[in-house]
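Trainee:
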Amino acid sequence: MKNEFSKHWVGSKRPGKQRKYLAKAPLHIRKKLLNVSLSKELRKKYGRRAITVRKGDKVKILVGKFKKKEGKVTEVNYGRLKIYVEGIQIKKLDGSMTNVPMRSSNIQIIELNLDDKMRVESLNKKQTEVQSEKKNEEKVKVQKPTKTSENKLKSNKK
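One gets the numbering used here by counting positions in the sequence shown from 1 and adding 36 to each.
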């Protein structure tokens, strides 16, 4: 892989190349890498598994020293691919408190910040797409006759 980021890079099994892809990725791709899984209730409501985290979302920490703690997202650092949560702090040697950076894979969104109209529209759009797909699947199941039912129809005609 070259020194610059390649938008044509598909993937590799080699961990070094995977790390390099993350290190060289531009901000618009890093933002997509900060997807956080949704809670079960939100998954059912919006019909999706994960969404990009934003400042103001309420999250629950799943892994690590601060496991099971909840708080609002105070900062999202796309450059370092880290998320900072309100109330999750450690004490430094000089006595001051500092925020702990979290990885997106270690947290789960409990409550979404729906102040942005565009975010609400995109969530609702996805939700209606999922519902229409389910309806289409149900119609297809009803319309398609199975082989056993076709054989029964043929035997009834004779």
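Note that CB positions come from ideal geometry on N, CA and C, so glycine has one too.
Leaving out five residues on either side along the sequence, give the residues of the same chain with a beta carbon under 7 Å from the beta carbon of Ile146.
Mentor: As a position in the sequence shown, residue 146 is number 110, starting the count at 1. Around Ile146: Ser75, Lys94, Val95, Lys96 and Glu106.
Trainee: For Ser168, count the other beta carbons within 10 Å of its own beta carbon; 16 or more makes it buried, fewer makes it exposed. Which is it?
Mentor: Along the sequence shown, read from residue 1 onward, the residue named residue 168 stands at position 132. Result: exposed.
Trainee: According to DSSP, is Gly131 helix, strand or coil?
Mentor: Mapped onto the sequence shown, residue 131 falls at position 95. It is coil, neither helix nor strand.
Trainee: When we look at the beta-carbon of Leu70 and count the other beta-carbons within 10 Å, is it buried (16 or more) or exposed?
Mentor: Numbered from its first residue, the sequence shown carries residue 70 at position 34. Looking at its Cβ environment, which holds 16 or more other Cβ atoms inside 10 Å, Leu70 is buried.
Trainee: For Ser48, is the classification buried or exposed, using 16 other Cβ atoms within 10 angstroms of its Cβ as the cut-off for buried?
Mentor: Counted from its first residue, the sequence shown places residue 48 at position 12. Ser48 is exposed by the Cβ-count criterion.
Trainee: May I have the straight-line CA-CA distance separating Lys60 from Asn135, to the nearest angstrom?
Mentor: For this step, residue 60 is matched to residue 24 along the sequence shown. For this step, residue 135 is matched to residue 99 along the sequence shown. One C-alpha to the other measures close to 26 Å.
Trainee: Quick check on DSSP: helix, strand or coil for Lys91?
Mentor: Taking the sequence shown and counting its residues from 1, one reaches residue 91 at position 55. The answer is coil: DSSP assigns Lys91 none of H, G, I, E or B.
Trainee: Going by DSSP in three states, Ala86 sits in which element: helix, strand or coil?
Mentor: Position 50 of the sequence shown, counted from the start, is the residue given in the question as residue 86. If DSSP states are grouped into helix, strand and coil, Ala86 belongs with the strands.
Trainee: Between the Cα of Thr110 and the Cα atoms of Val99, Leu117 and Glu122, which residue gives the shortest distance?
Mentor: Your numbering for residue 110 matches position 74 in the sequence shown. The residue with the shortest Cα to Cα distance from Thr110 is Glu122.
Trainee: Could you tell me which residues DSSP pairs with Lys104 in its beta bridges?
Mentor: Residue numbering aside, residue 104 sits at position 68 when the sequence shown is read from its first letter. According to DSSP, Lys104 bridges with nothing at all.
Trainee: Whole angstroms is fine: what's the gap from Leu159's alpha carbon to Tyr57's?
Mentor: For the purposes of this step, residue 159 is identified with residue 123 of the sequence shown, where counting begins at 1. For the purposes of this step, residue 57 is identified with residue 21 of the sequence shown, where counting begins at 1. If I take the Cα positions, the gap works out to 29 Å.
Trainee: Fully enclosed by the segment 42-77, which beta strand (DSSP E) runs are 3 residues long or longer?
Mentor: Segments of the beta strand (DSSP E) lying fully in the segment 42-77: 71-74.
Trainee: Can you tell me whether DSSP reads Val99 as helix, strand or coil?
Mentor: The residue you call residue 99 lines up with position 63 of the sequence shown. Reduced to three states, the DSSP call for Val99 is coil.
Trainee: Would you tell me roughly how many angstroms separate the C-alpha atoms of Gln54 and Lys175, rounded to the nearest one?
Mentor: Taking the sequence shown and counting its residues from 1, the one referred to as residue 54 is at position 18. Taking the sequence shown and counting its residues from 1, the one referred to as residue 175 is at position 139. Distance between the alpha carbons of Gln54 and Lys175: 43 Å.
Trainee: Flag this pair as yes or no: are the beta carbons of Lys162 and Arg84 separated by less than 8 Å?
Mentor: Taking the first residue of the sequence shown as 1, we reach residue 162 at position 126. Taking the first residue of the sequence shown as 1, we reach residue 84 at position 48. Yes, they are a contact pair.
Trainee: By alpha-carbon positions, which one of Arg50, Tyr82, Glu77 and Asn149 ends up nearest to Thr164?
Mentor: Here the question's residue 164 lines up with position 128 in the sequence shown. Residue Tyr82 is the option with its Cα nearest to Thr164.
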